[in-house]
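One structure is given here, and the rest of the page talks about it.
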Amino acid sequence: MKMPEPDAGVIARRAEIIKAMRAIVSGEGVITDSDELRVYDHDGLMAYKGLPLVVVLPETTEQVSAILKYCVENEVKIVPRGAGTGLSGGALPLADAITLGLGKFKKILEIDYDNRTVVTQPGVTNLAITEAVEDEGFYYAPDPSSQIACSIGGNVAENSGGVHCLKYGLTTNNVLGVELVLMSGEIVRFGGKHLDSGGYDLLGVATGSEGLLGVITEITVRILREPETARALLIGFPTNESAGDCVAAIIGAGIIPGGMEMMDKPAIHATEDFVHAGYPLDVQALLIVELDGTEVEVDHLIERVDAIARQTGATYLRASQSDEERQVFWSGRKNAFPAVGRLSPDYLCMDGTIPRHKLAEVLKRIEELSQQYGLRVANVFHAGDGNLHPLILFDANEPGEFKKAENFGADILRYCVEVGGVLTGEHGVGIEKRDLMGEMFTDDDMNHQQRLKCAFDPDHLLNPGKVYPTLHRCAELGRMFVHKGKPPFPDIPRF
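Heads up, the sequence shown is in this note's numbering, so the first residue is 155 and it goes up one at a time.
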């Protein structure tokens, strides 16, 4: 993995840039000390590290606007950063770029129960939104495993998922509007509390854009009523294939669970040792299937899922008898990543998505690759929507093991694409999957995508080196706008 060569001229201007940032953000909002900068030298993909030029922590949208305007006028790169929990290296800093941390944007601005919306700043954690509305019987549906720490702004940037996204959608299905600061410093709004907007779907463009198009400073999300009843089933199987068959059969029967997760034997044992959730240890694969709705509906669906599970070879079935027990079932899955961390000094958490009916085939291929590379793997994934999270175990202190783990992960993602899937389900491309983009997209595909980036960021100052393996100048792609005067930024149409 190679990043762009740092601009020595920008590095030489560091003192000047720091002075300009302190004129915009006072006090402790500008971090320059090398020891303090190390806090920001990586995100959740800890294999790659680097010190940023400087870290700036604004508190207002106006400060963000002034910072971006300074950067475009002075040709300084900028890397937006949320809570730093991302797993694809999307917030990896650059030696010649400002890291723009949004951790101080941590207020919930409005709760509107009549319209079932919450307006929040991007630094608010995912779980905090649910906690703010749960007393009134509402919740925010997307729930990544890191929801206690990950920020809603990062969720929007990566289009994050979670265990309950099968029925209720990813972040993109639950975000109604954003306030976005463009590289020019202009502040625009896409969407709002209303159900839909006229014109181009610019909200859809911004969601999942990985910090390449603008900086999000406000978000309007949809909140939902908590279901009357929710119960979870633990279903154990003698093989991964039979568990995969059960997943396909449940969806094929027209049943859409609130969540449907799967773990293989190594993940089951690691999780049970860590959380003591009561998982069976004599099965090869475990499904957690949550059904919600009215009490009568849930009871009926449990009977149907029970029958399907038995028909597909289940050897263990247990239904939660209380909401507390349901939460215990989920506590294991939610803590699977730290649990697996106890098995090995290091691991890579992969993220690919496949057609549901290919689950057994892909798991078999992962096992073959595990034997080929001589590295263990634990599989934890969102079975209902085919979003895999193989955890490749390795020891970075052993020469060559990290490279083997990277190659192993790349082969998994190539196979996901080969069977009709995609490179990422929710973690984003970042730097982790950047050099694999050619497995899924042609050069023409990626050039068209970069033309869109040029409309927002013609000088490629926002998060450069991420997502695209080859970065073309906008002039090479046929720039859609003509620069006029200073700063060298096109006239963005008003939205």
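Using N, Cα and C, we set each Cβ at its ideal position, and we do this for glycine too.
Check: Span separating the alpha-carbon of Phe491 from that of Glu479; Outcome: 21 Å
Check: Distance between beta carbons of Met504 and Leu542, contact taken as under 8 Å; Outcome: 7 Å
Check: Ile302 burial status per 10 Å Cβ neighbour count (16 or more: buried); Outcome: exposed
Check: Local conformation of Met337 per DSSP, three classes; Outcome: coil
Check: Whether Glu395 touches Lys518 by CB criterion (9 Å); Outcome: yes
Check: From Val450, Asp539 and Thr274, residue whose alpha carbon lies closest to that of Arg376; Outcome: Thr274
Check: Range of the contiguous alpha helix (DSSP H) that encloses Leu631; Outcome: Cys628 to Leu631
Check: CB-CB length for Gly198 against Gly240, believed under 8 Å; Outcome: 5 Å
Check: Residue(s) in a DSSP beta bridge with Tyr501; Outcome: Leu547
Check: CA nearest to the CA of Met600, picked from Phe610, Ser188, His430 and Val621; Outcome: Val621
Check: Range of the contiguous alpha helix (DSSP H) that encloses Thr425; Outcome: Lys419 to Val429
Check: Best match in Ala629, Leu523, Pro618 and Glu213 for proximity to Ala249 [C-alpha to C-alpha]; Outcome: Pro618
Check: Per-residue DSSP class, three states only, for Glu264; Outcome: strand
Check: DSSP-derived helix/strand/coil call for Val535; Outcome: According to the sequence as given, residue 535 is Phe; it is not Val. The answer is strand: DSSP assigns Phe535 an E or B state.
Check: Segment contact, 8 Å Cβ cut-off, at least three pairs: the stretch 466-481 with the stretch 406-414; Outcome: no
Check: The stretch 399-407 in contact with the stretch 462-473 per 3-pair CB rule at 8 Å; Outcome: yes
Check: Three-way DSSP call (helix, strand, coil) for Phe391 in this model; Outcome: strand
Check: Straight-line Cα distance separating Ser299 from Leu191; Outcome: 27 Å
Check: Buried/exposed call for Tyr267, threshold 16 Cβ in 10 Å; Outcome: exposed
Check: Test item: CB-CB of Glu521 and Val531 under 9 Å; Outcome: yes
Check: Limits of the beta strand (DSSP E) - the one that Ala473 falls within; Outcome: Tyr470 to Ala473
Check: contact_flag[the stretch 443-459, the stretch 284-293] where n(CB pairs < 8 Å) is 3 or more; Outcome: no
Check: Given 8 Å, three or more beta-carbon pairs between the stretch 353-360 and the stretch 429-438; Outcome: no
Check: Three-state secondary structure assigned by DSSP to Pro234; Outcome: strand
Check: Cβ-Cβ distance between Ala245 and Gly257 below 9 Å; Outcome: no
Check: Alpha-carbon to alpha-carbon, Glu555 and Met175; Outcome: 41 Å
Check: Opening and closing residue of the beta strand (DSSP E) in which Thr253 lies; Outcome: Ala251 to Gly255
Check: Pro553 versus Ala559 - alpha carbon distance; Outcome: 12 Å
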